[in-house]
Amino acid sequence: MMDAPSASLQRPRRPTHAASQGAIRIEDVVKIYDPEGAAVMAVDHCSLDIAAGEICMIVGPSGCGKTTLLNAIAGFHSITSGSIYLDGEMLCGPGRPQAAPGADRIVVFQNGALFPWKTNLENVAFGPIMQGKMKPREAYEKARDVMADAGLSGTEHSFPGEISSGVRRRVEIVRALMNQPKVLLFDEPYRALDSLTKSVMHEALLEIYYKNKVTIFFITHDLEEAIFLGHKLAIMTTRPCRPKKILEIDIPHPRDYSALTSPRFRELMEETADAVHEEARKAFELGEKEG
Amino acid sequence: MSNAMVKFRKAVLSRSTRRALTSLLVFVLLWELGSRSKAWFGVAMPWVGNIPAPSAVLAAWSKLVGDLGYWQSWYMSTLRVLAGFIAAMLIGIPLGLMMAVSRTFNDITFPTFEVLRPIPPLAWVPASILFWPTQELSITFVTFLGAFFTVVINVVGGAKSIDIRYFQSAQAMGASQWDIFRRIVLPGTLPSIVVGASVGMGITWNVVVAAEMISGGGGGQSGGSGGGLGYFIWNSYVGGSYEQIVVGMISIGIAGYLCSEGLRRAGILFTPWLRSR
Numbered sequence: 480m481m482d483a484p485s486a487s488l489q490r491p492r493r494p495t496h497a498a499s500q501g502a503i504r505i506e507d508v509v510k511i512y513d514p515e516g517a518a519v520m521a522v523d524h525c526s527l528d529i530a531a532g533e534i535c536m537i538v539g540p541s542g543c544g545k546t547t548l549l550n551a552i553a554g555f556h557s558i559t560s561g562s563i564y565l566d567g568e569m570l571c572g573p574g575r576p577q578a579a580p581g582a583d584r585i586v587v588f589q590n591g592a593l594f595p596w597k598t599n600l601e602n603v604a605f606g607p608i609m610q611g612k613m614k615p616r617e618a619y620e621k622a623r624d625v626m627a628d629a630g631l632s633g634t635e636h637s638f639p640g641e642i643s644s645g646v647r648r649r650v651e652i653v654r655a656l657m658n659q660p661k662v663l664l665f666d667e668p669y670r671a672l673d674s675l676t677k678s679v680m681h682e683a684l685l686e687i688y689y690k691n692k693v694t695i696f697f698i699t700h701d702l703e704e705a706i707f708l709g710h711k712l713a714i715m716t717t718r719p720c721r722p723k724k725i726l727e728i729d730i731p732h733p734r735d736y737s738a739l740t741s742p743r744f745r746e747l748m749e750e751t752a753d754a755v756h757e758e759a760r761k762a763f764e765l766g767e768k769e770g
Numbered sequence: 456m457s458n459a460m461v462k463f464r465k466a467v468l469s470r471s472t473r474r475a476l477t478s479l480l481v482f483v484l485l486w487e488l489g490s491r492s493k494a495w496f497g498v499a500m501p502w503v504g505n506i507p508a509p510s511a512v513l514a515a516w517s518k519l520v521g522d523l524g525y526w527q528s529w530y531m532s533t534l535r536v537l538a539g540f541i542a543a544m545l546i547g548i549p550l551g552l553m554m555a556v557s558r559t560f561n562d563i564t565f566p567t568f569e570v571l572r573p574i575p576p577l578a579w580v581p582a583s584i585l586f587w588p589t590q591e592l593s594i595t596f597v598t599f600l601g602a603f604f605t606v607v608i609n610v611v612g613g614a615k616s617i618d619i620r621y622f623q624s625a626q627a628m629g630a631s632q633w634d635i636f637r638r639i640v641l642p643g644t645l646p647s648i649v650v651g652a653s654v655g656m657g658i659t660w661n662v663v664v665a666a667e668m669i670s671g672g673g674g675g676q677s678g679g680s681g682g683g684l685g686y687f688i689w690n691s692y693v694g695g696s697y698e699q700i701v702v703g704m705i706s707i708g709i710a711g712y713l714c715s716e717g718l719r720r721a722g723i724l725f726t727p728w729l730r731s732r
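As they're listed, the protein sequences go chains A and B. All residue numbers for the first sequence refer to our numbering, where the first residue is 480 and numbers rise by one. All residue numbers for the second sequence refer to our numbering, where the first residue is 456 and numbers rise by one.
What follows is the structure, encoded as structure tokens:
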């Protein structure tokens, strides 16, 4: 069952992303760097609700503070005030400024974080072995199956440095999914890829998503990427970071490349381009002042 | 078998091999020409004019090949280099890792380390002779110092420059502190350990030769033959056999090269993921 394309921005029903776990609630989060000295506010009273199994795209200019938000969810950095919940459980908030990193929230990094000294197979099998969920032999077997499923057969025994960057991203997503996370956190993973490779990666990501309904928190500065992939789009203000505009993307899933040329896609681009551009200009001027 | 032959022929005939051979040949020819300039042209070329010609060196060398004392010099120097080098690795790698991993440990040890580090190993020779009961141990200790500081600095630098994302993702995937040390810190530092080892090995050869010259050779049984290649050179100089000086120099060059080559191969073996770069 799919949503009929509608011109309204009403909240669509979500038949395609019905996952039971992985709802994120960001409540009034503030992050100030260096509270003693020259306080820099990176995130300013940011609130955002992401439903379980939803793909939420966070769009904003580089350095606007969106990665700070991702790091807070992942547990890599603390927050100054506010709170973040995963399925109603507080990750961080009053009394616990920093969440504990866990296998339920796996980050796919901008430049990739596959361990260069491990083969792709060893990388993919790493999580379950570390968590003690599988014996190594079992984990390698599972990893081989999962890699074959993702079209990565033949790369098992290569090192990450020996495969193309596009394939590397796919290995990394497969490694993340081996942990059976509730949430995948993407930090501009396709930034360095050329636009043709990017479009292939987008379809591959959606394909993986349709098989594994996880919540996706996806940071990008590429509006086209955001509208093509997301259920929800949060356009962020630049430093401090806070949602400027949140909207549902009512193009039905499953999507493929043809969605990029649909009239609704164009409409959404037009509706949002101004807001994104305005923030990009602000970020640029801020950079000029500081530089 | 024939495959190996083809490979061998290709390696011998490859362009870079030909260039290497040409380079060596031209060097030896110019040297010969320079050394014989007085006899042949009546004018001694500056510097090279007083150095024994390669042909004379070769003649001296061919006599030495059968001399047990010459080979014992090789053996003694190599033994000292290996002992000092291995001790430097065994102590330097764990120390460097601990300095990189533990802030407290680093705060305590680093200042002392940094004060001792700039002292040239050769400045340690007299003190070392006082410290250690035998001359052998003194020389080995100085050799150890030559590699030690370089190894530690490389290990600390390597471990500290590991990308934080590796730690973050390992932690998120449930790795314990020990797992992170064993599976991230250790392999992440290996390339720097290899670099530290090869630089340290070079310094070790520098130091051992000088130490042997200064200390008069250590505990040799048969005359000066226990003194190592450094003492061999010094002894040849004192005895006035200039061809042997050059033989000793070239011997050290070859020994150093063999050690570096061995380390390079070991390095490739230990860091297979860097092979394709």
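Note that the Cβ used here is the ideal one computed from N, Cα and C, for glycine as well. Here the structure is a predicted model, which is why all the values come from computation and not from measurement.
Sequence-ordered contacts of the stretch 562-586 of chain A with chain B read P580, G581, A582, R584, I585 and V586 [C-beta pairs closer than 8 Å]. Put simply, of A/F707, A/E620 and A/T717 the residue whose alpha carbon is nearest the alpha carbon of A/E727 is A/F707.
Apart from the 5 residues on each side of it in sequence, A/D528 sits with its Cβ closer than 7 Å to the Cβ of R504 in its chain, given in chain order.
A check of alpha carbon separations from A/V650 across A/G572, A/K661 and A/A627 identifies A/A627 as the nearest. Excluding sequence positions up to five before and after A/R623, its CB lies within less than 7 Å of the CB of L600 and E635, all in the same chain and listed in chain order. For the set A/A578, A/K724 and A/H700, the Cα lying nearest the Cα of A/C543 is the one of A/H700. Scanning chain A for C-beta atoms nearer than 7 Å to the C-beta of B/G629 yields A582, G606, M609 and Q610, reported in chain order. With its beta carbon less than 8 Å from one in chain A, B/Q623 belongs to the interface.
By the neighbour-count criterion, in which 16 or more other beta carbons inside 10 Å mark a residue as buried, A/T740 falls on the exposed side. Look at the stretch 530-563 of chain B and you find no whole run of alpha helix (DSSP H) that is 4 residues long or longer. Using beta-carbon distances, B/Q632 does not count as an interface residue toward chain A, since no partner is under 8 Å. Here the stretch 691-703 of chain B does not lie against the stretch 540-554 of chain B, with fewer than 3 beta-carbon pairs under 8 Å apart. Its Cα nearest to that of B/P509, the residue B/G489 stands out among B/G497, B/V498 and B/G489.
Around the beta-carbon of A/A553, 16 or more other beta-carbon atoms lie within 10 Å, marking it buried. The beta carbon of A/M613 lies closer than 6 Å to those of P607 in the same chain, with the five residues before and after it left out. Counting C-beta pairs with one atom in each stretch, the stretch 645-654 of chain B and the stretch 499-506 of chain B have fewer than three that are closer than 8 Å, which means they do not touch. For A/S637, no alpha helix (DSSP H) run applies, since DSSP gives it neither H nor E. With a cutoff of 8 Å on beta-carbon distance, B/W660 and B/I608 are scored as not near each other. Bridge partners of A/F697 according to DSSP: A/M536 and A/F665. With fewer than 16 neighbouring CB atoms inside 10 Å of its own CB, B/L484 falls in the exposed class. Burial is judged here by how many other beta carbons sit within 10 angstroms of a residue's own beta carbon; B/A582 has fewer than 16 and is exposed. Cβ-Cβ distances below 7 Å link A/H681 to E704, F707 and L708 in the same chain, with the five nearest sequence neighbours on each side left out; the list follows chain order. Residue contact check for A/F594 against chain B: a CB pair falls below 8 Å. Between the stretch 721-735 of chain A and the stretch 743-754 of chain A there are three or more C-beta pairs closer than 8 Å, enough to call the two in contact. The three-state reading of DSSP puts B/M500 in coil, since its state is none of H, G, I, E or B. In this structure the stretch 652-665 of chain A lies against the stretch 581-597 of chain A, because at least three pairs of beta carbons, one per stretch, are closer than 8 Å.
Taking 7 Å as the cut-off between beta carbons, the residues of the stretch 621-652 of chain A near chain B are F638, G640 and E641, in sequence order. Contact note: B/R620 reaches chain A through F588 and A592, using a C-beta cutoff of 7 Å and chain order.
Contact note: B/Q626 reaches chain A through P580, using a C-beta cutoff of 8 Å and chain order. At a C-beta separation below 7 Å, B/P642 has these neighbours in chain A: W596.
A/L593 carries a coil assignment under DSSP once its states are collapsed to helix, strand and coil. Using a Cβ-Cβ cut-off of 8 Å, A/A553 counts as an interface residue toward chain B, since at least one Cβ of chain B sits closer than that to its own.
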